[in-house]
Structure formats: structure tokens, C-alpha cells
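Structure, as C-alpha cells:
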Amino acid sequence: MSPRTITFVALLSAGAIGSWYLARSNAPTYDDELPYNPAHQSYYLKQARILGTSDDGSLLYEIEAEHAEQLEDDRIEFTEVRIRYLPGSEVPWIVNADYATLREGAPRIALRGYVQIVNPGNPGNPGEYETEIRTEYMELDPDGFTAETGQRVQIRFGSRSVTATGMLASLKDDKIELKSNIRGKIAP
Numbered sequence: 003m004s005p006r007t008i009t010f011v012a013l014l015s016a017g018a019i020g021s022w023y024l025a026r027s028n029a030p031t032y033d034d035e036l037p038y039n040p041a042h043q044s045y046y047l048k049q050a051r052i053l054g055t056s057d058d059g060s061l062l063y064e065i066e067a068e069h070a071e072q073l074e075d076d077r078i079e080f081t082e083v084r085i086r087y088l089p090g091s092e093v094p095w096i097v098n099a100d101y102a103t104l105r106e107g108a109p110r111i112a113l114r115g116y117v118q119i120v121n122p123g124n125p126g127n128p129g130e131y132e133t134e135i136r137t138e139y140m141e142l143d144p145d146g147f148t149a150e151t152g153q154r155v156q157i158r159f160g161s162r163s164v165t166a167t168g169m170l171a172s173l174k175d176d177k178i179e180l181k182s183n184i185r186g187k188i189a190p
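Right, here's the structure in full:
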């Protein structure tokens, strides 16, 4: 081979290697692509049923909802909600609400719209009546068995009715503490 041919082959090889290197270094990498937006990582459920457990892992309550949707800010929104304690917890109260919000890491569930908490009582016992609590906003701590509101609340037990502003109910102990503006209709 002549020195001219060797020089030509060397230059051609250097050009091929250089263009390969440049093409490889300018190729888009995974990091150069548009980042995946985690705001779109969410879910929604129709006719959802979520189970809550106690500290020892046993089933404590269930949340049933017509619709549940996870939102961007680590909260879950429910519509047409029903929360009931399972028989082993010995808490007879059933909670119904138009809307509910559950925040990640927060122990309370915020209930809105038409909120109703009912204890059916024992119809076989003549001194025990159904108890119903109604309000427009309430916070429920299902693990602590408490329900609390600062809003106007109406409580009905049998033919008796009481209204108040603000309430704290201990569902496990069947105790209701009214805060202020208490008015009632007590008939025999």
C-alpha cells in the first residue's frame, strides 16, 4: 500500500470513529426526556369499600362509598359515604355523609353535606331508643371512636330532640357532650 492510501484509510477511519462518537454523545438519554408528572398518578374507584384496622391489625371499621378518588395533595375524596364499625368493635354507630375527605397521615375523616350518625339502639329494650345525630360538617376519628363538630347539630332520641352548636361524641361509650346554644324538646 502506498503512503497516500494509508493516510486516506487512516483519515477515513478517524472520521468514522469521530462521527460515531458525536452521534452517540448527542443521542437523547432517559434523563433528557420529559419527566413523568406524578400529579397524574392517581386512582378512582366506583362502589369502593375500604377496611380500617386497629393497632393490632384486626378489622375495626369499613368505609363504603359510591365513588372514591385520590387527589394530588395526598387526600382521598369520597361521595355517598357510609362508615360502620365491624361487630367485633362493639360500636353500634353507623355514619352516613354526602362527602368525606381522608388525608394521608391524618387520623380524622372530614364529613360534609348531609351528615348523619345513627345508633339503632335495642328495639327489644323499652328504655333504649334509636339515637340520630345530624349536622352539615363533622370530623370522625374512627380509631379513637370520636366524632366532633363546631357546627349546629341536631340530636334525636326517640320522640325527644335537642339542638346545639358544637358537639363531641364518644361512640364507644355512647356519650355526647354538647358545647353551646343548647335547646331541646323533651316530651314524655
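Under the numbering used here, think of the first position of the sequence shown as 3, with each following residue one higher.
Ideal Cβ positions, reconstructed from N, Cα and C, are used throughout, including at glycine.
Keep in mind it's a predicted model, so treat the numbers as computed, not measured.
Taking only the alpha-carbon atoms, compute the straight-line gap between T133 and A50 and give it to the nearest angstrom.
For T133 and A50, the gap between their C-alpha atoms comes out near 27 Å.
So, using beta-carbon positions, are S44 and E71 closer together than 8 Å?
Yes, the pair counts as a contact, with Cβ atoms nearer than the cut-off.
Cβ pair count under 8 Å reaching 3, the region 56 to 66 against the region 81 to 100:
Between the region 56 to 66 and the region 81 to 100 there are three or more C-beta pairs closer than 8 Å, enough to call the two in contact.
Opening and closing residue of the beta strand (DSSP E) in which D175 lies
In the DSSP annotation of this structure, D175 is not part of any beta strand (DSSP E), being labelled neither H nor E.
Identify, in the order they occur along the chain, each residue of the same chain with its Cβ nearer than 7 Å to the Cβ of I184, setting aside the five sequence neighbours on each side.
Excluding sequence neighbours, I184 sits near V164, A166.
What did DSSP end up calling F80 once you bin it into helix, strand or coil?
In the three-state scheme derived from DSSP, where H, G and I count as helix and E and B as strand, F80 is classed as strand.
Start and end residues, beta strand (DSSP E) containing I119
Looking at the DSSP string, the run of the beta strand (DSSP E) that includes I119 is 111 to 121.
Using CA atoms only, rank isn't needed, just tell me which of V93, L73, L104 is closest to V83.
Checked all of V93, L73, L104; the closest Cα to V83 is L104.
Report the partner residues of D143 according to the DSSP bridge assignment.
The partner list for D143 (beta bridge, DSSP) reads T148.
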